[in-house]
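Protein chains in written order, with our numbering: chain A, 5 to 620; chain B, -8 to 150; chain C, 9 to 107.
Okay, here's the thing in structure tokens:
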């Protein structure tokens, strides 16, 4: 399993070197070189791992005993390489490499120590994410899960002098932490019922019926809570839009392709368990659909390009979770991969645009097609993929998901998702047309992106278009998964792709007509839907609910407990002190310094001795 | 006959003792003490220990009381202040002690007294045979007491 | 005149002396009361010796008297010193070791 170890060792070594050797870290370009080398090694090793697994046709597991136990099974650490984890490792390493290369240009204006710090955090994050992917048991997954959360906090809050950035980082951390509590509880419940953390053993137990009933349901529900937090499912989605305070390459990496995908990855990983808990699966599905729709609605009213993309990510994650809940995990994973490509692409495009015009507002951008042709072309490719237009990768994966949902017998959910796909196309088109072809002249002197930024854009754009070829390549990787999931439902009904295409094209055409051809005035439409627009702008007031709960419940309880501690607990202690002082003061008078008073004690002793010796 | 003497001596003894603790003037108290000492000497006579009675009168009455009188003259006898501090607790405690001792005394088995003591010759013999060492040590003690008293009470303390 | 009665008388004198020790304010008054207690004890010892015919009791009492003499000498010297240094022989005023 040397290749799996190398996958992890590359970024870990880079992180260790950069972390421990400050002169190296502060040296600027060399620090970036170390990090990029680390992730490069990781990518090569991951590709080697994937080819090996695919050739062997069977998963590969290596484990060591971490905490030997005398009663019950020991706790082990291990690496699990199957089609799912190896392909995900390749994806993570690949996107991370592209982002790190992109950052060479994007972050070049940072002072050298910050530049090095940035790459150090990137290496840490890569190591954590890869560790999560290759984990062979739930406990290990949890450890790396938390480490990923740490990496995300450090990267979102990278420009920590900005108060909004610090607050956003904290918000991300706390919201995901809330889900992680559920995750931990779920793991413990499963362990106490099944006696193991390892995936293979858990799946065997669940198949054999040894692990069932309330314990299984609660355990899986707990794990889903963790996934909810990381994958921004309603109502834990609130951190993702705010996380845009971080540098754009960071958003591309962790808020498009990797960290938020970890939740989906986890749900795909435990699909066998989910298959045995239809109650939880239903909840997963319902919340997924809800998230998809609500997030798309919120993207409609955003003007900040990064926020549009953030809501878009939440929405797409909703799609993926819905697919998981509907019993189509391979479709969800397929979309995870394609989404990683085109969402990362879109974020990097946004970064390129922001870098050129120094604003995030799409309405302040315009007329860029001639000045930044490569960027705009890539933007178009990404937009088409996100909208799910044939023959982009996005089309195939979205199609699989919709088919899976319908085949699982959820016509209402299918309809909502279809409408959401249309909305997705619309807001994507809006962003594209307004930013690239709008009539405003962009501020400053915009110019095309430099090579380190252009290259990843092009690579990703190509992948976004071709990766869906045949629609079978990626799901085929599941054959070597430890839990091979045959797509039980037959071929999708022919009308699913047709409906999806209609919905996507409708959205795009509407956006074109509205924003480019001025067929109708979107601003007027927006005004006429006044109250609804307000609700969307306030993000369905979810943030306000959280704040209200915090302010009026949590703080009040804390204050009450604080009062109790100050007055009652401390009061008891103070009363004891006061009593001791009082008693001591009184007792002190016994020591009057006059010998006759001491003689009383002697005389009393005499009486006592006589009495004891002879009795009355 | 001896019973009458006993009762009379007891009365004198107890009265004098009371006078010692209750006299306002310490000179009076000192003279009351001399009464106690003489009464005790009388008891020793009654208990057939005449040598002891003589020693008692000579040493105590002649020596100790004289010292006390001299000390009173030098140190002052303070008749203006109250005699006692906290008499009630003191009385209670004394009563308790008396009760304890008296009740235990009553419990002793009553054996009729034997021949009695009498022999001064025996005392002398014991002092110079069995109890020679304590006797000699006693002289050292007295020497020490003399030196000690001198050192403590001298006027010039510069050395 | 039985042993028991003698001991009761001795106990009485002892108790009276104890009262004086506890209650008297003047230092020399206390010393006098201590003498009372000593005498009571001596009387008790002689009474017991008499009832058992042991001459050794007399020897013990003689030693006791001698020691008492030494003790009174030193005690009076201390009182004189106190009267000079602390300017008072009232025991209430000699309370440096107050807690």
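Positions of the beta carbon are idealized from the N, C-alpha and C atoms, including for glycine.
Query, Result
"Simplified DSSP state of residue 75 (chain B), which is helix, strand or coil", "strand"
"Where residue 139 (chain A) falls: helix, strand or coil (DSSP)", "strand"
"Assigned exposure category for residue 101 (chain B) - 16 Cβ within 10 Å defines buried", "exposed"
"Residue 578 (chain A) classed as buried or exposed, judged by whether at least 16 other C-beta atoms fall within 10 angstroms", "exposed"
"Buried or exposed by the 16-neighbour rule on C-beta atoms within 10 Å, applied to residue 211 (chain A)", "exposed"
"Which of helix, strand or coil DSSP assigns to residue 372 (chain A)", "coil"
"Three-way DSSP call (helix, strand, coil) for residue 623 (chain A) in this model", "Given that chain A is displayed from residue 5 to residue 620, the structure contains no residue 623 (chain A) and the question cannot be resolved."
"Contact with chain B by residue 602 (chain A), beta-carbon distance below 9 Å", "no"
"Coil, strand or helix - residue 114 (chain A) by DSSP", "coil"
"Residue 86 (chain A) (DSSP reduced to helix, strand or coil)", "coil"
"Start-to-end residues for the alpha helix (DSSP H) that takes in residue 551 (chain A)", "546 to 553"
"Short Cβ contact (9 Å threshold) for residue 128 (chain A) with residue 19 (chain A)", "yes"
"Contact between the stretch 96 to 113 of chain A and the stretch 58 to 78 of chain A (3+ Cβ pairs under 8 Å)", "no"
"Within chain C, the residues that residue 614 (chain A) reaches when beta carbons sit closer than 9 Å", "Ordered by position in chain C, no residue passes the 9 Å Cβ test against residue 614 (chain A), which lies about 10 Å from the chain."
"For residue 457 (chain A) and residue 255 (chain A), the rounded distance between their alpha carbons", "15 Å"
"Residue 202 (chain A) in three-state terms, based on DSSP", "strand"
"Identity of the residues DSSP links to residue 99 (chain A) by a beta bridge", "According to DSSP, residue 99 (chain A) bridges with nothing at all."
"Neighbour flag for residue 90 (chain C) against chain A, beta carbons, 9 Å", "no"
"The ligand ATP heavy atom lying under 8 Å from the CB of residue 122 (chain A)", "Inclusion of the ligand ATP in the displayed structure is not the case, the ligand content being empty and no account of it being possible."
"Neighbour flag for residue 18 (chain C) against chain A, beta carbons, 9 Å", "no"
"Buried versus exposed, by CB contacts within 10 Å (16 or more), residue 490 (chain A)", "Low confidence applies here, because residue 490 (chain A) scores a pLDDT of 48, under 50, leaving its location unreliable; read the following figure in that light. Flag for residue 490 (chain A) reads exposed."
"Secondary structure of residue 246 (chain A), DSSP reduced to three states", "helix"
"C-beta contact flag for residue 424 (chain A) and residue 323 (chain A) at 9 Å", "yes"
"First and last residue of the uninterrupted alpha helix (DSSP H) at residue 326 (chain A)", "309 to 329"
"Sub-9 Å separation of residue 638 (chain A) and residue 146 (chain A) beta-carbons", "The structure shown does not extend to residue 638 (chain A), since chain A is modelled only from 5 to 620, so the question has no answer here."
"Cutoff 9 Å: residue 8 (chain B) Cβ touching any chain C Cβ", "yes"
"Segment limits, beta strand (DSSP E) that includes residue 70 (chain A)", "64 to 71"
"The stretch 371 to 378 of chain A touching the stretch 267 to 274 of chain A, judged by at least three CB pairs closer than 8 Å", "no"
"Near-chain B residues of the stretch 19 to 30 of chain C - C-beta to any C-beta below 9 Å", "19, 20, 21, 22, 23, 24, 25, 26, 27, 28, 29, 30"
"Backbone secondary structure at residue 379 (chain A) - three-state DSSP", "helix"
"Per DSSP, cross-strand counterpart(s) of residue 365 (chain A)", "A:308"
"The stretch 403 to 416 of chain A / the stretch 334 to 350 of chain A touching (three or more Cβ pairs under 8 Å)", "yes"
"Per-residue burial, residue 167 (chain A) [other beta carbons within 10 Å of its own, 16 or more giving buried]", "exposed"
"Within 9 Å of chain C by C-beta, residues of the stretch 570 to 599 of chain A in sequence order", "591, 592, 593, 594, 595, 596, 597, 598, 599"
"C-beta neighbour in chain A for residue 98 (chain B), strict 9 Å", "yes"
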